[in-house]
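Undergrad: Before I ask anything, let me first share the structure, which is written out below as structure tokens.
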Amino acid sequence: MGQWWALLAGPLDADGFAAAWAAIVQRHAALRSGFHWELKGAPAQVVVSAPVFEVERLDWSARDDWRAALDTLLEEDRAHPFDLRRPPLMRVRLITVSPERAPEGPAPRHLLVWTRHHLAVDGWSLGEILGEVLTLYRGGTVPPALPFRRYVEWWQGRDDSAARVHWGAVLAGHSPESVARSSTVSAPRIGEAFRVLSPALADRLGALSRTERLTLSTLVEGAWALVLARTDGVDDLVMGCVETVRPPELLGDRSSAMVGPQIGVLPSRVRRDALPLRHWLAELQRARVAGREAGPLALDALRDLLGLPSDALPLRSLIAVQTYPLALAAAFRAAGLEIRASGDVTLPDMPLNLMVEIGEAFELRLMVDQQHVALPQARQLLDMLATALERLPDHLDAPANALNVMPEALDRQISAALTGRPLPAASGTALDLILAQMRARPEAPAIVATDRVWTYGDLGNRAAALAGRLAAAGVKSGARVAVKLEHGPEAVAAILGIVCAGASYVPLDPETPAERRAMIIEAAGVAALVTRRALAETVPGLPILTVDDIAPEPADLDAVVRPAAADEAYVIFTSGSTGRPKGVSVGHDNLRTHVAASAAENADLPIGRFLLTFPLFFDGSVTGLFCTLCEGGTLVMPDAAQARDADRLVALIREAAVTHVCLTPSLWALLLETSGPQGLPGLRLAKVAAEPCPPALVSAHAARAPNAVLCNEYGPTEATVWVCVERCRPETTGASVAIGHPLPGTRLHVMDGEGRPCPFGTIGELVVSGPAVARAYIGAEPGVVLRTVLPGADPAPAYRTGDRVSLGFDGRLFFHGRRDRQVKIAGYRVEPADVEAALQTLPGILDVAVVVEESEGRPARLVAHLGGADLPDDATLRRLLAARLPAYMIPHAFFRHARLPRTANGKVDRAALPPAPVVDSAEAPPQGTLETALAALWSEALGGARVGRHDHFFALGGSSLLAMQMIARVRRELAPTATLADLFEAPQLAGLAERLAERMVGADTRPEPGPILAGRQRARVELPS
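FYI, in the UniProt record's numbering the residues of the sequence shown are 1 to 1025.
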């Protein structure tokens, strides 16, 4: 659908004008044609002898806002599609508007609005029809109309086999992106961007065209291809070039006067390579000439060649370059009318439709379907196209892929959006700030635990005592000391004591397999291990210090070692890609920057009481521990039982008057649900991190924690915990939750595959630079470095995150997953290759591929595909892996194959792996109402597994978080007294049901027919709306 309009000034005979239009409709068979699909089982064009047609007349003479009224009319008109069976497929409106003021007196004005379907009129016909209307209106004559039947017969009789062969060869090997059609229920929302090139640039392009023997069409198409390649991040793309198909051999000199749809689409495959630009453009023109000789393709045929589904758009972009002058102004002037303003709105056939008119002016018009392309993006694309055209003449000998199509103003705008506000220079270290709190407020509470409160004085005394013990054990300044303690005050004191000794701390997970802890101890080269007697283990040659033996005494805090900013503060190990964990060395300068940036970002929300749930071997704990103590706040530390029980965590938040929390989105959703209608009104700040934040959580938070700001934080361990943040509000949250803007003092970059800045809206790799970037990797595979320097940028150290992000036009960043195979499981970073390496050591496994399984509303889970003839059963696999990997790295499910599919070069073909199977262990089905209800809950949480009465929750892939969510559901729907301990102590379905039933003696043990028993499926974690 197209809509052409013009504001006409001058006297106009409305009746005569309408009669001229009616005559034109009767004159041309194409305008009297309808289309029927039910005739003969195939679409048929039917020409009607005398279709009903009238020019609609409206009177807006009393309105001053004709332009606003016109925009409304055009939008409403687009919402009313044509009935293709009832010609003419066009509508004409003549609207009287307020007179034009002129020295000689008011001059009448009219709006002419012409809406037409592309099956009736193409762009070339537009000028021909308007010219004939005006000729008849003036009383002139026009030559006999050329019968459109000739063109139809020619088109139907042409042999397109050569075209199919040609385009099949051109498109071979291209992997297009499938673009879904816009909804057919409502018309696409049209957006239009418009630019007029300066006369000087138009002259330069004309001169270039003549000198290099390149058409202006070639210059525009080449520039447009380079722009799309940059914004789409591809080097091989196909766009459609609209061509008029009016063969001179058919109608002779008057072929241009035929009215009707006579256009075709020539696919243009463009590879952005290093060929010199002038040769690259010449190749593009040669390909275009060869395509024109082969002939156009119907869009259905093009879709077939590209291997796209029938409901997909075959192209993302169409381009039409029109170099013919319409001379409309002269034709209207001859009829006594002046065009004061005009426009041509074309309903997009594809997401991007570029129309270029080269006449008296060089005009660029981009029409977009805003269901696919936002209007700001359209404007950016035209700015980039104008820049590309401006730079073409001066870069003809440079490689085509080196032409910079980013306007300087756009570069500056993007750089400003990705640069955090300045951070005031901070002196000293985080330890200096904590020591100052200990001196100034020794009686203030530093840590609240289950059964005790530690003051800042208590914490200082214990830290100083451990520092003295470490020095006596021979631990030197700059050494590394491992910490193996449960979550609690002693662990915090141990960390501070290590730092007070001038050493850096290396936290260990007490529950991780001993083999993996040994790898970390060896890689880090630790000088001592701090633990307690119940957790102590023998490591040859390593001094063991137990906190049980430390008797705190009043300490001289001025006597502790004061590390320098350049010293190492801690090393946190993450999953590595070679089967061995990899450490990240973070300096005191990095940590001090993090503390200062956090304080500056949340200056309006100073820390009161911070719920520290992240384990201390996870880098998310750094924010809670150091930022809270540096500000003089209080850490609230749940014990193991509280940390695994949603009800007890909610109670702790309320009873301890917690003001700040930092949790995974999954756990925060569970706590909000558990809080019930009472909610958590005492909170001031809730931070979620380590997983993508679902939009539903934003609304749930607003309902249950209305007085708290919700922050979605993002950051890698290598950039000291977090680098950007979004303050989430329901009114600004769309289909995905942003990761926001950079922290103060942080510089971010979104880079393409060649290390160049990405424009707004384009997905690239996030790169962090500045003082938050950590020092180095410890124990990484050869050649893997943490720090790099960006080409052409400032010399500050930079870290390539491997995360795919885009910068929105509102200046907010959005996360789009990983460039590699790395995943987050329960908030922890996992390299599937690490899990694969552990599996390959097990008996019977010849081949292995570990992939991530993700689904709506459920956390990511690992699935292992195993190749071999005699493979261990699931229970054996889990038992053997438990000796090598942390629980969160053990796959949720195992899928067995005789052999794994391979690519041509012999690698495992992960794309060819079948979906993970549904776990089916229902040989002994549930018995009784309670078992049946529990089995339904388990199945829903575990991804649809069929659950038997002897099945083990954790053997089926259950995790600690799923267990918390499960017990919350059980309490709400089946057994109000159920606890997490019930599931851990009775993990088999029948045993859990028996345990719960015993507690329900004397009550009706048959649950009400709630959502599960009633057969209504519910989400694993329901969020209030």
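Quick reminder that beta carbons are idealized off the backbone N, C-alpha and C, glycines included.
Using the beta-carbon count (16 or more within 10 Å), is residue 262 buried or exposed?
TA: Buried, because 16 or more other Cβ atoms sit within 10 Å of the Cβ of residue 262.
Undergrad: Give the DSSP-derived three-state secondary structure of residue 92 in the structure shown.
TA: In this structure, residue 92 counts as strand in the three-state DSSP scheme.
Undergrad: What is the C-beta distance between residue 805 and residue 815, in whole angstroms, given that I count them as a contact (C-beta under 8 Å)?
TA: At roughly 6 Å, the Cβ-Cβ gap stays under 8 Å, so residue 805 and residue 815 are in contact.
Undergrad: Let's test the definition: count the other Cβ atoms within 10 Å of the Cβ of residue 3 and tell me whether it reaches 16, buried, or not, exposed.
TA: Residue 3 is buried by the Cβ-count criterion.
Undergrad: Just how far apart, CA to CA, sit residue 767 and residue 530?
TA: For residue 767 and residue 530, the distance between alpha carbons rounds to 36 Å.
Undergrad: Spatial neighbours of residue 419 within its chain, please: C-beta separation below 6 Å, excluding the five flanking residues on both sides.
TA: So the list reads 747, once near-sequence residues are dropped.
Undergrad: Helix, strand or coil, according to DSSP, for residue 263 in the structure here?
TA: Residue 263: strand per DSSP, three-state reduction.
Undergrad: What is the rounded straight-line gap between the Cα of residue 455 and the Cα of residue 475?
TA: If I take the Cα positions, the gap works out to 27 Å.
Undergrad: Are the segment 207-227 and the segment 270-287 touching, with three or more C-beta to C-beta distances below 8 Å?
TA: Yes: at least three Cβ pairs fall under 8 Å.
Undergrad: Roughly how many angstroms lie between the CA atoms of residue 1026 and residue 157, to the nearest whole one?
TA: A query on residue 1026 cannot be resolved here, the shown segment of the chain reaching from 1 to 1025 and no further.
Undergrad: Which whole runs of the alpha helix (DSSP H) in the UniProt domain "Carrier" (925-1000) are 4 residues long or more, in chain order?
TA: Fully enclosed alpha helix (DSSP H) runs of 4 or longer: 928-941, 960-973, 980-985, 989-999.
Undergrad: Quick test of the definition: if touching needs 3 or more C-beta pairs under 8 Å, does the segment 141-155 touch the segment 333-344?
TA: With a cut-off of 8 Å, the segment 333-344 and the segment 141-155 do not count as touching, because too few Cβ pairs lie within range.
Undergrad: Answer yes or no: do residue 296 and residue 306 have a C-beta to C-beta separation smaller than 8 Å?
TA: Cβ distance not < 8 Å, so residue 296 and residue 306 don't count as in contact.
Undergrad: On a Cα-Cα basis, can you pick out the residue from 702, 637, 807 that is closest to residue 741?
TA: Of the listed residues, the one whose Cα sits closest to residue 741 is 807.
Undergrad: For residue 496 and residue 841, I'd like the C-alpha separation in whole angstroms.
TA: About 39 Å.
Undergrad: Might you give, ordered along the chain, the residues of its own chain that have their beta carbon closer than 7 Å to the beta carbon of residue 508, omitting 5 neighbours on each side?
TA: For residue 508, where only same-chain residues beyond five positions count, the Cβ hits under 7 Å are 482, 483, 484, 517, 520, 617.
Undergrad: Mind checking which residues open and close the beta strand (DSSP E) that includes residue 590?
TA: First-last for residue 590: 588-601, but that is the alpha helix (DSSP H), not the beta strand (DSSP E).
Undergrad: Out of curiosity, what's the CA-to-CA distance linking residue 577 and residue 351?
TA: Distance between the alpha carbons of residue 577 and residue 351 is about 40 Å.
Undergrad: Using a C-beta cutoff of 8 Å, does residue 449 count as contacting chain B?
TA: Included in the structure is just one protein chain, with no chain B present.
Undergrad: Name the two residues that bound the continuous beta strand (DSSP E) containing residue 354.
TA: Here the beta strand (DSSP E) through residue 354 covers 352-358.
Undergrad: Quick check: what's the CA-CA separation for residue 355 versus residue 729?
TA: Their backbone Cα atoms lie some 39 Å apart in a straight line.
Undergrad: Which residues share a DSSP beta bridge with residue 803?
TA: Beta-bridge pairing links residue 803 to 818.
Undergrad: Unbroken alpha helix (DSSP H) runs of length 4 or more, entirely within the segment 194-235: which are they?
TA: The qualifying runs are 199-212, 216-232.
Undergrad: Is the beta carbon of residue 913 closer than 8 Å to that of residue 894?
TA: Not closer than 8 Å, so no.
Undergrad: Enumerate in chain order the residues of its own chain whose CB-to-CB distance from residue 749 is below 6 Å, with the five nearest sequence positions on each side excluded.
TA: Around residue 749: 767.
Undergrad: How many Å lie between residue 864 and residue 890 at the Cα?
TA: The straight-line gap from Cα to Cα measures roughly 9 Å.
Undergrad: What is the DSSP secondary structure of residue 544, reduced to helix, strand or coil?
TA: Note: residue 544 maps to strand in three-state DSSP.
Undergrad: Would you kindly report the start and end of the unbroken alpha helix (DSSP H) that includes residue 461?
TA: Element bounds for residue 461: 456-472.
Undergrad: Check each candidate in 773, 174, 59, 258 and name the one with the smallest Cα separation from residue 152.
TA: Selected option, being the one with the closest Cα: 258.
Undergrad: Taking DSSP as the reference, what is the three-state secondary structure of residue 438?
TA: Note: residue 438 maps to helix in three-state DSSP.
Undergrad: Would you identify the three-state DSSP class for residue 583, choosing helix, strand or coil?
TA: Correct three-state label for residue 583: strand.
Undergrad: Considering Cα atoms alone, identify which of 825, 689, 384 is closest to residue 406.
TA: When each option's Cα is compared against that of residue 406, the closest is 384.
Undergrad: Taking only the alpha-carbon atoms, compute the straight-line gap between residue 688 and residue 274 and give it to the nearest angstrom.
TA: Going by the C-alpha atoms only, they are around 45 Å apart.
Undergrad: Got a sec, what are the start and stop residues for the alpha helix (DSSP H) residue 148 sits in?
TA: Element bounds for residue 148: 148-157.
Undergrad: Does the distance from the C-beta atom of residue 238 to that of residue 267 stay below 8 Å?
TA: Yes, they are a contact pair.
Undergrad: Helix, strand or coil for residue 731 per DSSP?
TA: In the structure shown, residue 731 sits in a helix (DSSP, three-state: H, G or I).
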